[in-house]
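Engineer:
Number of protein chains: 2
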Amino acid sequence: MAGSGQELKGHLDVLLLATLAAGPRHGYAVKEALREGSGGRFDLPTGTIYPALHRLEEAGLIAGSWSAVDGRRRRTYRLTVAGERRLHADRGNWREFATAVTALLEPGPWPATS
Amino acid sequence: MAGSGQELKGHLDVLLLATLAAGPRHGYAVKEALREGSGGRFDLPTGTIYPALHRLEEAGLIAGSWSAVDGRRRRTYRLTVAGERRLHADRGNWREFATAVTALLEPGPWPATS
DNA sequence: CGCCCATAGCTAGTTTCACTACCTATGGCC
DNA sequence: GGCCATAGGTAGTGAAACTAGCTATGGGCG
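As you go down the protein sequences, you meet chains A and B in turn.
For the first sequence, the working numbering assigns the number 1 to the initial residue and increments by one for each residue that follows.
For the second sequence, the working numbering assigns the number 115 to the initial residue and increments by one for each residue that follows.
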């Protein structure tokens, strides 16, 4: 569902980095991996994927290089060392975040109402 | 830590609704409940909390009413029926989302690299 | 008394970021 | 030729959380 909407906000970068952790991919392959790996839940438009990859590249977390396959230009990205560090940190951060939100969503843990 | 940053993006509303599920609270109490309930992880500025509550009220998910305590004006919010429905739906959605992200972050699940 | 802090509410303006909606191009299929 | 899948891209929009301020009360402290 395209409705995956903006809930990804702030968490897209980790997912992209994680996609590349298994080995270099070109942008379109990243998009497909994300879609298949999530059972169709994260079927993001290219207008989301490409700008995000550009951001990550500019931040030095991934590195892209052009290649040509059958007259098709491809930009293949790989994780940099900084990207690996970031991925590691972000994984931990996600676990903390998810644990906190999940705990808060369970009915009852709130301090007294008044 | 203020570093809770923008990772909340898109998930703040559920947390606010969940805070009110335990009973009516005024805005500042919501902020405090969120902070304490998360072990300090979600210590959000009032400039985040109040506009969010206004949004939720405008959306009909919560209802606010003024009262005065010791010359202090307080706006107390409670969940509406629509708000309860939304909270229920959003809880399910969060679980799905969190499961998907967590699965993707584990090394290995990706389809073949090439 | 003057000052700051905690409580309680609010707003204006900025920034970030995913989105919609487009565009270019190749190769295969009908 | 027309269309789809693959592969890359940009411009502009909009939502939402942020920064940085504001008003106000009451209590504690020097």
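Each residue gets a CB set at the ideal place from its N, CA and C atoms; glycine is no exception.
#1: Rounding to the nearest angstrom, what Cα-Cα distance links A/A52 and B/L201 in this structure?
#2: Using only the alpha-carbon positions, how far apart do B/M115 and B/I163 sit?
#3: For A/L105 and A/A59, what's the separation of their Cα atoms in angstroms?
#4: Take A/V81 as the anchor and find which of A/H11, A/E36 and A/L20 has the nearest alpha-carbon.
#5: Could you check how far apart the C-beta atoms of B/L175 and B/L126 are, in whole angstroms? I think they sit under 8 Å.
#6: Please classify B/R186 as buried or exposed, where buried requires at least 16 neighbouring CB atoms within 10 angstroms.
#7: Does the Cβ-Cβ distance between B/A203 and A/R41 come in under 8 Å?
#8: Assuming A/L79 is part of the beta strand (DSSP E), what are its boundary residues?
#9: Just verifying my parser: in three-state terms, what is the DSSP assignment at A/R41?
#10: Using a Cβ-Cβ cut-off of 8 Å, state whether B/V183 counts as contacting chain A.
Structural biologist: In short:
#1: 30 Å
#2: Confidence is the limiting factor: at B/M115 the pLDDT is only 40, short of 50, which leaves the residue's position unreliable, though a coordinate-based value still follows. Using only the alpha carbons, I get a separation of about 16 Å.
#3: 34 Å
#4: A/L20
#5: Between B/L126 and B/L175 the Cβ distance is about 13 Å, and since that is not below 8 Å, they are no contact.
#6: exposed
#7: No. Outside cutoff.
#8: R72 to L79
#9: coil
#10: no
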